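Heads up, the thing below is written out as structure tokens.
There are 2 protein chains.
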Amino acid sequence: MSTLRYALLCALHAGPLTGYEIVQRMRRPIGYYWTAQQSQIYPELSRMTDDGLIAHDAAAGPGPHDRKTHRLTETGLAELARWLTEPPQRRPPKDELVLKTYALAVADRDAMRALYRAEAQKHRAQLDDYLAQQAQAEARGDDHPASPRFGAYATLRMGVAAERTMVDWCEWLVLQLGR
Amino acid sequence: MSTLRYALLCALHAGPLTGYEIVQRMRRPIGYYWTAQQSQIYPELSRMTDDGLIAHDAAAGPGPHDRKTHRLTETGLAELARWLTEPPQRRPPKDELVLKTYALAVADRDAMRALYRAEAQKHRAQLDDYLAQQAQAEARGDDHPASPRFGAYATLRMGVAAERTMVDWCEWLVLQLGR
DNA sequence: CTAATCATGTAAGGCGTTACATGATTTT
DNA sequence: AAAATCATGTAACGCCTTACATGATTAG
Chain E
25 MSTLRYALLC
35 ALHAGPLTGY
45 EIVQRMRRPI
55 GYYWTAQQSQ
65 IYPELSRMTD
75 DGLIAHDAAA
85 GPGPHDRKTH
95 RLTETGLAEL
105 ARWLTEPPQR
115 RPPKDELVLK
125 TYALAVADRD
135 AMRALYRAEA
145 QKHRAQLDDY
155 LAQQAQAEAR
165 GDDHPASPRF
175 GAYATLRMGV
185 AAERTMVDWC
195 EWLVLQLGR
Chain Z
25 MSTLRYALLC
35 ALHAGPLTGY
45 EIVQRMRRPI
55 GYYWTAQQSQ
65 IYPELSRMTD
75 DGLIAHDAAA
85 GPGPHDRKTH
95 RLTETGLAEL
105 ARWLTEPPQR
115 RPPKDELVLK
125 TYALAVADRD
135 AMRALYRAEA
145 QKHRAQLDDY
155 LAQQAQAEAR
165 GDDHPASPRF
175 GAYATLRMGV
185 AAERTMVDWC
195 EWLVLQLGR
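In the order they appear, the protein sequences are chains E and Z. For what it's worth, my numbering labels the leading residue of the first sequence as 25, then goes sequentially. For what it's worth, my numbering labels the leading residue of the second sequence as 25, then goes sequentially.
Right, here's the structure in full:
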């Protein structure tokens, strides 16, 4: 079972969704902290249906295909619950900006400084976005561990923390390369 | 040009290395903040040689093949320097632990708490390791922006910050799920 | 009337992982 | 004597991205 399969089970844990809705949510990583393209999602949903992990109601859709609302089967829910408590596979981080930093000595210093300044700004914008979402979630009471949306809230907090880390690191580099 | 190619150019920016040495360094992500398997690295090095980005001296090796010490060509160095100042491609983070967190409501609460406690411990061990490396680097003077190793030092600092973020987040979850 | 949104699907090709294979030298 | 290290390579397969394709409804 690939992680994509589990990501799709996770997506459906709180209630039925169409493939299209999953695609929308997976476009922006926050929410699931996992992404996939639609060309990966649709065939996988259909294979998972064959394997009995999910099921769907079909109704006439806007295009030439039926609109399918997918939900977890009992098998799927049990498999998800089992997987959740397993220790996660650690996959190495891959980040082009940090990779570039390693070889920074070869590049023009002022150009690199400008790069970190620009990246700091992008990450700050992303941080502000997440912060606004966090405030909304807290207003709804999602920050209480008993809330059914607490998992999504905790995921969002990771996004906030990660963006803050990037902003600080970029700004530190701007300072270091200054003068 | 794939990011792997640039990662290999980055690896060679400070001096010649054999494929084997690159493999060793790419096994542990810190250093380059990028990883690859040897089965990816060796064919790519040979294609990069064909394309004139790198060159090598060959000498009789321990096994049936020659031992090759690779270095950047002028073309390779120029291409690396050009790429470094380009804005990095943002690739979505993929993290199984955070993914699991999204669907946390479906799992046994105590089991999840134990999971976060165990993960906090792993990340703390990694953090301590990086912290020790950071102290060594500072003792060598790598933390000075004029040092040729400043890039590696900055990369290490990102590793430290990222691990610290994970430890804090895991410990916050342990507290939230407590009682 | 044009563009965006909803909704699902296929095809091609590149990127990455796991596994296999060879063989000399050094360490336990 | 066995295992680890040095050193390079190939093969198979699965994951993932980019691009293409259809067509109804709603918004500008």
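All C-beta atoms in this analysis are idealised placements derived from N, C-alpha and C, irrespective of residue type, glycine included. Treat the numbers as computed from the prediction; the structure is a model and nothing was measured.
Check: Cβ of E/ALA159 within 8 angstroms of Cβ of Z/GLY175?
Finding: Position 135 of the first sequence, counted from the first residue, corresponds to residue 159 of chain E. Position 151 of the second sequence, counted from the first residue, corresponds to residue 175 of chain Z. Taking 8 angstroms as the Cβ cut-off, E/ALA159 and Z/GLY175 do not qualify as a contacting pair.
Item checked: Z/GLY85 burial status per 10 Å Cβ neighbour count (16 or more: buried) -> Counting from one through the second sequence, the residue named residue 85 of chain Z turns up at place 61. The residue in question, Z/GLY85, is exposed, as its Cβ has fewer than 16 Cβ neighbours within 10 Å.
Next item on the list: Closer than 8 angstroms by beta-carbon distance: list the chain Z residues that pair up with E/LEU128, in chain order.
Entry: The residue you call residue 128 of chain E lines up with position 104 of the first sequence. Going along chain Z in sequence order, the residues near E/LEU128 (Cβ under 8 angstroms) are LEU108, PHE174, GLY175 and ALA178.
Next item on the list: With a threshold of 16 other CB atoms inside 10 Å of the CB of E/ALA149, please say whether the residue is buried or exposed.
Entry: For the purposes of this step, residue 149 of chain E is taken as residue 125 along the first sequence, with counting starting at 1. So E/ALA149 counts as exposed.
Note to self: Short of 6 angstroms in beta carbon distance, which residues of its chain neighbour E/GLN62, apart from the five on each side in sequence? Order them along the chain.
What the structure shows: By 1-based counting over the first sequence, the position of residue 62 of chain E is 38. Closer than 6 angstroms at Cβ, skipping near neighbours: VAL47.
Notebook entry, point to check: Of the choices Z/ALA161, Z/LYS118, Z/TYR154 and Z/THR27, whose alpha-carbon is the least far from that of E/MET182?
Noted result: Sequence index remark: in the first sequence, residue 182 of chain E carries index 158 (1-based). Comparing Cα-Cα distances from E/MET182 to each of Z/ALA161, Z/LYS118, Z/TYR154 and Z/THR27, the minimum goes to Z/LYS118.
Next item on the list: Compare the C-beta of Z/GLN200 against all C-beta atoms of chain E and say whether one is closer than 8 angstroms.
Entry: Along the second sequence, read from residue 1 onward, the residue named residue 200 of chain Z stands at position 176. So yes, Z/GLN200 belongs to the interface.
Checklist line | Assumed close pair Z/ALA35, Z/ARG49 - CB separation to whole angstroms, cut-off 8 angstroms | finding: On the second sequence, position 11 is the one that residue 35 of chain Z refers to. On the second sequence, position 25 is the one that residue 49 of chain Z refers to. Right, their Cβ atoms sit about 7 angstroms apart.
Note to self: Please report the straight-line C-alpha distance between E/LEU41 and E/TRP107, rounded to a whole angstrom.
What the structure shows: Numbered from its first residue, the first sequence carries residue 41 of chain E at position 17. Numbered from its first residue, the first sequence carries residue 107 of chain E at position 83. So the alpha carbons of these two residues sit roughly 21 angstroms apart.
Check: Is it true that the stretch 79-98 of chain Z meets the stretch 150-157 of chain Z, where meeting means three or more beta-carbon pairs spaced less than 8 angstroms apart?
Finding: no
Margin query: Rounded to the nearest angstrom, what separates E/TYR140 and Z/THR179 at their Cα positions?
Written below: Locating residue 140 of chain E in the first sequence gives position 116, counting from the first residue. Locating residue 179 of chain Z in the second sequence gives position 155, counting from the first residue. Cα to Cα, the separation comes out at about 13 angstroms.
Check: Are any of the Cβ atoms in chain E nearer than 8 angstroms to that of Z/LYS124?
Finding: The residue labelled residue 124 of chain Z in the question sits at position 100 within the second sequence. Judged by the 8 angstroms Cβ criterion, Z/LYS124 is in contact with chain E.
Item checked: Coarse secondary structure for Z/ARG188, derived from DSSP in three states -> Sequence index remark: in the second sequence, residue 188 of chain Z carries index 164 (1-based). It is helical.
Note to self: Measuring alpha carbon to alpha carbon, tell me which residue in Z/GLU195, Z/HIS168, Z/ARG203 and Z/VAL191 is nearest E/TRP196.
What the structure shows: Here residue 196 of chain E refers to the residue found at position 172 when the first sequence is read from its first residue. The shortest C-alpha separation from E/TRP196 is found at Z/HIS168.
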